[in-house]
Amino acid sequence: MLRAIAEERGRLSLRREVCGLGCFKDDRIVFWTWMFSTYFMEKWAPRQDDMLFYVRRKLAYSGSESGADGRKAAEPEVEVEVYRRDSKKLPGLGDPDIDWEESVCLNLILQKLDYMVTCAVCTRADGGDIHIHKKKSQQVFASPSKHPMDSKGEESKISYPNIFFMIDSFEEVFSDMTVGEGEMVCVELVASDKTNTFQGVIFQGSIRYEALKKVYDNRVSVAARMAQKMSFGFYKYSNMEFVRMKGPQGKGHAEMAVSRVSTGDTSPCGTEEDSSPASPMHERVTSFSTPPTPERNNRPAFFSPSLKRKVPRNRIAEMKKSHSANDSEEFFREDDGGADLHNATNLRSRSLSGTGRSLVGSWLKLNRADGNFLLYAHLTYVTLPLHRILTDILEVRQKPILMT
Numbered sequence: 001m002l003r004a005i006a007e008e009r010g011r012l013s014l015r016r017e018v019c020g021l022g023c024f025k026d027d028r029i030v031f032w033t034w035m036f037s038t039y040f041m042e043k044w045a046p047r048q049d050d051m052l053f054y055v056r057r058k059l060a061y062s063g064s065e066s067g068a069d070g071r072k073a074a075e076p077e078v079e080v081e082v083y084r085r086d087s088k089k090l091p092g093l094g095d096p097d098i099d100w101e102e103s104v105c106l107n108l109i110l111q112k113l114d115y116m117v118t119c120a121v122c123t124r125a126d127g128g129d130i131h132i133h134k135k136k137s138q139q140v141f142a143s144p145s146k147h148p149m150d151s152k153g154e155e156s157k158i159s160y161p162n163i164f165f166m167i168d169s170f171e172e173v174f175s176d177m178t179v180g181e182g183e184m185v186c187v188e189l190v191a192s193d194k195t196n197t198f199q200g201v202i203f204q205g206s207i208r209y210e211a212l213k214k215v216y217d218n219r220v221s222v223a224a225r226m227a228q229k230m231s232f233g234f235y236k237y238s239n240m241e242f243v244r245m246k247g248p249q250g251k252g253h254a255e256m257a258v259s260r261v262s263t264g265d266t267s268p269c270g271t272e273e274d275s276s277p278a279s280p281m282h283e284r285v286t287s288f289s290t291p292p293t294p295e296r297n298n299r300p301a302f303f304s305p306s307l308k309r310k311v312p313r314n315r316i317a318e319m320k321k322s323h324s325a326n327d328s329e330e331f332f333r334e335d336d337g338g339a340d341l342h343n344a345t346n347l348r349s350r351s352l353s354g355t356g357r358s359l360v361g362s363w364l365k366l367n368r369a370d371g372n373f374l375l376y377a378h379l380t381y382v383t384l385p386l387h388r389i390l391t392d393i394l395e396v397r398q399k400p401i402l403m404t
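Take a look at the structure:
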């Protein structure tokens, strides 16, 4: 099936060069309706889902008058319709409002492929290689709809052409994912066919602790922190914030649920450190001795010097529910120069040393410049445009790194 789609896309490019778009329109409709019928409607199709997805395109007109008939230029209105395979209301194979090519591609992505997402806590060595200290893989499922991750039970909304890979139980799945100073969180989403004959990376991204902490500090209001301290702990603040991690070259994004690791105080900037062996601060010790350094602008690299990535934007933009913290440059680029960053092991020693428990001590630590602490980093979802997934599956097929 994948080979047939790739060959048809190649023929389409050739036809455009020879005689334009309209020359073989009927042939293309025949091909895509045949593909839809053969691979999704036939009952013998292996491991076939019971649902069928149709992409319907209608011409909608704007209310402003600009044309001869008082209507603005037509714009396509896209709807995703879902039917059971044995439904008597299935659109006919000759329905002109159905985009048969996109319907085939959508059903391919939703039904014919498996997806595995891996989240890892890593550091970068002097040579540019990534060292994985902890990772967790989880199977996810593609969906043309989405729902807010910060409020359970809300109704899903159609997100097509953006495809979402959501982890509803993200707090349980990534419960032990903590990141500290000098470390970064890396995310990789891999697609494979049902027989596992091929694998291809469709998303890679990373975000440094420093970027996560900066966003976290900005989002947690000073008023909430002070209210917690002045009320001697009676005011409970929910300190989970949602941070977006952009993909390379702006290809999709992932969302992280970020919260502070408990240190014995429920405030967002609590000062009561817990030195119990059960504390998450004792869960692991990083194995590197040299701190990472700022990225080099001349040659991107992620394990392999042959990888090429556009240098992304480095701006941080405010979001209402999600905050975009980076463009995932750390996952693909080498480091260079001398950074004024402390060794990651210092975080553990500082966190376990303990400070005063009084209100005065809280006030001093609130205003302390060097206030690093461990953060939970829970992956909530990855989202990508459908056409970018298709390109990676049919043409690029980049080999996975975190899963190896």
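Going left to right, the sequence shown walks through residues 1 to 404 as the UniProt record's numbering numbers them.
Glycine residues also receive a C-beta, built at the ideal position from the N, C-alpha and C atoms.
Predicted, not measured: the structure shown is a model, and the values here were computed from it.
Collapsed DSSP secondary structure at Ile158 in the structure displayed: Strand, per DSSP.
Met256 to Ser103 span [Cα, whole Å]: One C-alpha to the other measures close to 31 Å.
Less than 6 Å between C-beta atoms, sequence neighbours within five positions excluded: which residues of the same chain meet that for Met166? So the list reads Tyr381, once near-sequence residues are dropped.
Against chain D, does Lys246 count as a neighbour if the rule is that its beta carbon must be under 8 Å from one of theirs? As a matter of chain content, chain D is missing from the structure shown, which is built from one protein chain.
Between Asp173 and Lys136, is the Cβ-Cβ spacing less than 8 Å? This sequence places Val at residue 173; Asp is not what is there. Cβ atoms of Val173 and Lys136: closer than 8 Å.
Hey, is the stretch 184-195 in contact with the stretch 371-385, meaning 3+ C-beta pairs nearer than 8 Å? Yes, the stretch 184-195 is in contact with the stretch 371-385.
Per-residue DSSP class, three states only, for Met230: Looking at Met230 - three-state DSSP - the assignment turns out to be helix.
The beta strand (DSSP E) spanning Thr380 covers which residue range? Its beta strand (DSSP E) spans residues 375-385.
Could you check the C-alpha separation between Val80 and Phe170 for me, to the nearest Å? Straight-line Cα distance between these residues: approximately 27 Å.
Are the CB atoms of Ser206 and Val220 within a distance shorter than 8 Å? In this structure, Ser206 does not lie closer than 8 Å to Val220 by Cβ.
Taking buried to mean at least 16 other C-beta atoms within 10 Å of its own C-beta, is Asn239 buried or exposed? Buried.
Straight-line CA distance for Arg397 to Leu110? Their Cα atoms are separated by approximately 18 Å.
Going by CA-CA distance only, name the one from Ile98, Arg260, Tyr115 that's closest to Ser175. Considering only alpha carbons, the answer is Arg260.
Under 8 Å Cβ to Cβ from Leu212, same chain only, skipping five residues before and after it: list those, please. Closer than 8 Å at Cβ, skipping near neighbours: Val179, Val185, Val243, Met256, Val258, Ala325, Leu375, Ala377.
Output the distance between the C-alpha atoms of Tyr54 and Lys112, rounded to the nearest integer angstrom. Per the coordinates, the alpha-carbon of Tyr54 lies some 15 Å from the alpha-carbon of Lys112.
Cut-off 6 Å between Cβ atoms - residues of its own chain near Glu241, not counting five sequence neighbours on either side: Taking Glu241 as the centre and dropping the five residues before and after it, the same chain places the C-beta of Tyr216, Arg219, Val258 closer than 6 Å to its C-beta, in chain order.
Please list the terminal residues of the continuous alpha helix (DSSP H) segment that includes Ile109. If you look at Ile109, you'll find it in the alpha helix (DSSP H) that goes 100-111.
Cutting at 8 Å between CB atoms, please list the residues of its own chain near Leu106, excluding the five before and the five after it. Setting aside the 5 residues that flank it on each side, Leu106 is surrounded in the same chain by Phe53, Val55, Val80, Pro144, Tyr160, Leu386, each with a C-beta closer than 8 Å to its C-beta; the list follows chain order.
Span of the beta strand (DSSP E) holding Val185? Per DSSP, Val185 belongs to the beta strand (DSSP E) from 184-193.
Alpha carbon to alpha carbon, how far is Phe203 from Lys58? Give it in angstroms, no decimals. The straight-line gap from Cα to Cα measures roughly 31 Å.
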